[in-house]
Amino acid sequence: MSQNDPQSQTAITHHETESDGRFGLGEKAELTYRRPRPDVMDVDHTWTDPALRGQGIAHQLYRAMTEFARSHDRKVIPSCPYVARMFERHPEDAKDLQAPG
């Protein structure tokens, strides 16, 4: 896919190791997390290239993360301010996914 291909703008990838993970849109946007326990994702960073901000890309990354967390029975620590705001705006996500404490 070329960089001008619309699908390349929305192809979110996910890579996870035993200690951390990343949802990304190439080098243009990312949401990263640490795994303090196998069943917990401590989301610590969301970033979008300034040229792409305002297009809903961070929200796409957030949705990919919440879908993954639900399907893998994970809880989420919203250390990233963006994810903390999204949990406030989407209390159903916080209720289902936010780690206690």
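Numbering follows full-length UniProt numbering, with no gaps: position 41 of the sequence shown is 41.
Beta carbons: idealized from backbone N, C-alpha and C, even for Gly.
Small disclaimer: the values here were computed from a predicted structure and weren't measured.
Beta carbon of S79, beta carbon of V40: below 8 Å? Remark: C-beta atoms of S79 and V40 do not approach each other more closely than 8 Å.
Distance cutoff 8 Å, beta carbons only. Does A51 sit that close to anything in chain B? The question asks about chain B, but that chain is absent: this structure has only one protein chain.
In whole angstroms, what is the alpha-carbon distance linking E92 and L52? Taking the straight line from one Cα to the other gives about 28 Å.
Considering only residues of the same chain and omitting the five flanking positions on each side of Y82, which have a CB-CB separation below 7 Å? Hits under 7 Å: T46 and A58.
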